[in-house]
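Novice:
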Amino acid sequence: MTTILVVEDTASEQDLIVSYLVEGGYSVISATNGQEAIKKIEGKKPDVVVTDLVMPGMSGLELCRSLKKNSETKDVPIVACTSKNQELDKLWGMKQGIDVYVTKPFTREDILRAVRSVV
20 MTTILVVEDT
30 ASEQDLIVSY
40 LVEGGYSVIS
50 ATNGQEAIKK
60 IEGKKPDVVV
70 TDLVMPGMSG
80 LELCRSLKKN
90 SETKDVPIVA
100 CTSKNQELDK
110 LWGMKQGIDV
120 YVTKPFTRED
130 ILRAVRSVV
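See the structure below:
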């Protein structure tokens, strides 16, 4: 079964994304910030990371850079799920290692389509 790590600091957003992915047949691990995500990845490398970009502590972009620099996680696809919807934000995110960019508000299908595109 495909395992997805969801990194989101807003509990309601995290719950929504997790429920969509579980309903879609995925195994889900969750973290509330970048530092917690790094620790969880050390225990079990996910097949995909779905992350918010704006979070306290380590941002989603910092998490992306960290994952892409690490030989163990550099090939893990990253889906950004964020309210930052300007074209410049998307381009900058892609330069940091984001594979797919989903803007909030999103639908169940938006999340599942994004994950399917990188699995």
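When we follow my numbering, the leftmost residue of the sequence shown carries the number 20, and every step to the right adds one.
The beta-carbon is built from N, C-alpha and C at its ideal position, and this holds for glycine as well.
Model, not experiment: these values are computed from the prediction.
#1: Alpha carbon to alpha carbon, what distance is there between Arg-127 and Ile-36?
#2: Counting Cβ pairs closer than 8 angstroms, one from the segment 118 to 127 and one from the segment 96 to 105, do we hit at least three?
#3: Strictly by DSSP, which residues pair up with Thr-29?
#4: Considering Ser-102, what are the terminal residues of the beta strand (DSSP E) in which it resides?
#5: Kindly identify the DSSP beta-bridge partner or partners of Ile-130.
Specialist: Based on what the coordinates show:
#1: 8 angstroms
#2: yes
#3: Looking at the DSSP output, Thr-29 sits in no beta bridge, so it has no partner there.
#4: Ser-102 -> no beta strand (DSSP E), and no H or E assigned at all.
#5: Partner(s): none; Ile-130 has no beta bridge.
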